[in-house]
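Enquirer: All residue numbers for the sequence shown refer to numbering that gives the first Met the number 0, where the first residue is 0 and numbers rise by one.
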Amino acid sequence: MTRVLKDVRGRGRRSGRWSGWTVALVVLAVGQLVAAPLIAALGGGGVFTTADRAGEPAIVPAGYAFSIWVVIEVLSLLWAVWAAAPGGPDPDLRVRIARPLTVVFAGFTAWLVAAELEPRWATLAVFLVMLAGLLAATRVALREADRVGAWSGYGRAVLWGTLGLYLGWSSIAIWLNLTTALVASGAPLDGVAGLLGQAAVLAGATATAVALLRWTGGLLPYLAAVVWAFAGAVLGARGAGEPVLAVGAAVGLAVVIAAAVGVRRRRPLRLAGPRRRRLAAG
Numbered sequence: 000m001t002r003v004l005k006d007v008r009g010r011g012r013r014s015g016r017w018s019g020w021t022v023a024l025v026v027l028a029v030g031q032l033v034a035a036p037l038i039a040a041l042g043g044g045g046v047f048t049t050a051d052r053a054g055e056p057a058i059v060p061a062g063y064a065f066s067i068w069v070v071i072e073v074l075s076l077l078w079a080v081w082a083a084a085p086g087g088p089d090p091d092l093r094v095r096i097a098r099p100l101t102v103v104f105a106g107f108t109a110w111l112v113a114a115e116l117e118p119r120w121a122t123l124a125v126f127l128v129m130l131a132g133l134l135a136a137t138r139v140a141l142r143e144a145d146r147v148g149a150w151s152g153y154g155r156a157v158l159w160g161t162l163g164l165y166l167g168w169s170s171i172a173i174w175l176n177l178t179t180a181l182v183a184s185g186a187p188l189d190g191v192a193g194l195l196g197q198a199a200v201l202a203g204a205t206a207t208a209v210a211l212l213r214w215t216g217g218l219l220p221y222l223a224a225v226v227w228a229f230a231g232a233v234l235g236a237r238g239a240g241e242p243v244l245a246v247g248a249a250v251g252l253a254v255v256i257a258a259a260v261g262v263r264r265r266r267p268l269r270l271a272g273p274r275r276r277r278l279a280a281g
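1. Between Val246, Ala172, Val209 and Leu195, which lies nearest to Val59 when the distance is taken from Cα to Cα?
2. If you draw a straight line from the alpha carbon of Arg146 to that of Val139, how long is it in whole angstroms?
3. DSSP on Ser75, reduced to helix/strand/coil?
4. Give me, in chain order, the residues of the same chain whose beta-carbon lies closer than 8 Å to that of Gly19; leave out the 5 immediate sequence neighbours on both sides.
5. Between the alpha carbons of Glu115 and Ala64, how many angstroms are there, rounded?
6. May I ask which residues mark the beginning and end of the alpha helix (DSSP H) holding Asp145?
7. To the nearest angstrom, how far is it from the Cα of Pro88 to the Cα of Trp150?
8. Anyone know if the C-beta pair for Val25 and Ala83 falls short of 8 Å?
9. Rounded to whole angstroms, what's the CA-CA distance from Trp78 to Leu141? Just pull it up for me.
10. Do Ala113 and Val125 come within 8 Å of each other at the CB atom, strictly closer than that value?
11. Check Ile58 in the structure and name its three-state DSSP category.
12. Let's see if you can read the secondary structure: which residues bound the alpha helix (DSSP H) around Leu175?
13. Between Trp159, Asp91 and Arg98, which has its C-alpha nearest Met129's C-alpha?
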């Protein structure tokens, strides 16, 4: 009986078979990398996805900030390839993380298509679905943090890097996408109403970031993406000649950093590898 249990556990830890979910994840990860240039080559105008376009809300990050998508797409592919490799650890866990991420990766391409066809509310709807998938995948990884901690350093790095950066950027981008959709639908961009509306969006983005920082235990890739987004918003607002909104974005950035410091002081060392956990315990 003991031998049977050991065999079952061994099959749960490693498998030499390919999984349909992880293979699909690789295909969709490649799709993320080629979708934007492919859509542009097929004649898409790319207006919505063009940085620093005229008439956009002041709090939209400066154009350079959107280069983070390249990092996210590359990390996504690296994680997908590692997760799909047969013979790796915890095939069941890799599949459980891959399932919601297939929705996310497919959603990215759908978001680019929506940006060409109906860039107001369709893009926001797609982003919300992507965020739900990211939250589901991150929840699985956090619940199984001890198992993930036993993976190789590379496996841990590409997993937490993908989840953290993707979730961090998306959780802020949803608020900015909402602002763009509202303005495109007739909401005021200038004056007191426009100023208060964008300030409210910054407050909502800040609250979301603080909540997710606490939930993830101060996950550093998540923090990095959020800091990148808020820094871009500061520069975007300043470049648009809106010093009040630039200050508001800077306050949001400071609040996020302070929250991250507080969370990381209280959190246990859950995401490190076995050696670091032993050193911390001893």
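The beta-carbon is built from N, C-alpha and C at its ideal position, and this holds for glycine as well.
Quantities reported herein were computed from a predicted structural model and do not represent experimental measurements.
Expert: So, from the data block:
1. Position 60 of the sequence shown holds residue 59. Among Val246, Ala172, Val209 and Leu195, the Cα nearest to that of Val59 is on Ala172.
2. Counted from its first residue, the sequence shown places residue 146 at position 147. Counted from its first residue, the sequence shown places residue 139 at position 140. Answer to the nearest angstrom: the Cα atoms are 11 Å apart.
3. Walking along the sequence shown from the start, residue 75 turns up at place 76. DSSP places Ser75 in helix when its eight states are reduced to three.
4. Locating residue 19 in the sequence shown gives position 20, counting from the first residue. Nothing listed; no residue qualifies.
5. Counting from 1 along the sequence shown, the entry for residue 115 is found at position 116. Counting from 1 along the sequence shown, the entry for residue 64 is found at position 65. Straight-line Cα distance between these residues: approximately 21 Å.
6. Within the sequence shown, residue 145 is the residue found at index 146, counting from 1. Looking at the DSSP string, the run of the alpha helix (DSSP H) that includes Asp145 is Ala144 to Gly148.
7. The residue you call residue 88 lines up with position 89 of the sequence shown. The residue you call residue 150 lines up with position 151 of the sequence shown. Approximately 7 Å between the Cα atoms of the pair.
8. Counting from 1 along the sequence shown, the entry for residue 25 is found at position 26. Counting from 1 along the sequence shown, the entry for residue 83 is found at position 84. It is a contact, given that the beta carbons lie within the stated cut-off.
9. One-based indexing of the sequence shown puts residue 78 at position 79. One-based indexing of the sequence shown puts residue 141 at position 142. Roughly 16 Å between the two C-alpha positions.
10. In the sequence shown, the residue the question calls residue 125 occupies position 126. In the sequence shown, the residue the question calls residue 113 occupies position 114. Yes, the Cβ-Cβ distance between Val125 and Ala113 is below 8 Å.
11. What you label residue 58 is simply residue 59 of the sequence shown in a count that begins at 1. Note: Ile58 maps to coil in three-state DSSP.
12. To locate residue 175, count along the sequence shown from 1; it is residue 176. That run of the alpha helix (DSSP H) goes Gly152 to Ala183.
13. Counted from its first residue, the sequence shown places residue 129 at position 130. Here the closest residue by C-alpha is Arg98.
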